[in-house]
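Here is the structure we will look at, set down as structure tokens.
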Amino acid sequence: MASSTDSSTAIDEEVRQLYERYQAAESDAERRKIALEMGKLDGHRHAEIYAALENE
Numbered sequence: 005m006a007s008s009t010d011s012s013t014a015i016d017e018e019v020r021q022l023y024e025r026y027q028a029a030e031s032d033a034e035r036r037k038i039a040l041e042m043g044k045l046d047g048h049r050h051a052e053i054y055a056a057l058e059n060e
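Numbering (my numbering), first residue to last: 5 to 60.
Following this line, the structure appears as structure tokens:
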């Protein structure tokens, strides 16, 4: 289970960095690109949550 926690921590850090980049973005195109990256991470997180629930 530690690997799940480590993975979540890494994703949290990556989301934080993406959010900071989003806030600093100077164009709508740049913000859109970052938002898409954030969506991918969110999808990965949901997949991990569902997998963990299936294993309970």
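Ideal Cβ placement from N, Cα and C applies to all residues, glycine included.
- The continuous alpha helix (DSSP H) containing residue 52 extends over residues 32-58.
- The region 24-38 makes no contact with the region 51-59; the number of CB pairs closer than 8 Å stays below 3.
- Residue 28 sits in a helix when the DSSP states are folded into three classes.
- Taking the Cβ atoms as the reference, residue 18 lies roughly 6 Å from residue 45, within the contact range of under 8 Å.
- For residue 24, the closest of 38, 49, 51 by C-alpha to C-alpha distance is 38.
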